[in-house]
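Q: Going by our numbering, the sequence shown runs without a break in its numbering and finishes at 71. Each residue gets a CB set at the ideal place from its N, CA and C atoms; glycine is no exception. Got a structure here, written out as C-alpha cells. Questions coming.
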Amino acid sequence: MAAVAAKQPLDPLFYDVEVSEEDISYDRWFRAKVQEALDSKKPALPHDEAMTHVDALLEERRKARASA
C-alpha cells in the first residue's frame, strides 16, 4: 500500500514568517510530485546507481564551467 503524502497545508498562523500564495502553490505542487513518486509502478532506482548518475552530471557541469 502506498504511503499518503500529508495533507497538512502551510498555515500562516503556524509560521513565524509570512507564507505567500506562491509558497502554498509550491507546497501543493511538491506534495503532488511526492505522491506521484510514491504511487509509481516503476522499479526503484538503487541509491548507488542514482548517486553515480548525479556525480556524472555534476562532473559534466564542472568541466563545462571550467572550459567556459
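1) Any heavy atom of the ligand MN inside 7 Å of the beta-carbon of Ala59?
2) Whose C-beta lies closer than 7 Å to the C-beta of Leu61 among residues of the same chain, with five residues either side of it excluded?
3) Taking the C-alpha atoms as reference points, what is the distance between Arg64 and Val57?
4) According to DSSP, simplified to helix, strand and coil, what is Glu25?
A: Taking the definition as stated:
1) The model depicted lacks the ligand MN and carries no ligand whatsoever.
2) Position 58 of the sequence shown, counted from the start, is the residue given in the question as residue 61. Excluding positions up to five away in sequence, the list is empty.
3) As a working mapping, residue 64 is identified with position 61 in the sequence shown. As a working mapping, residue 57 is identified with position 54 in the sequence shown. Cα to Cα, Arg64 sits roughly 11 Å from Val57.
4) Here residue 25 refers to the residue found at position 22 when the sequence shown is read from its first residue. Helix at Glu25.
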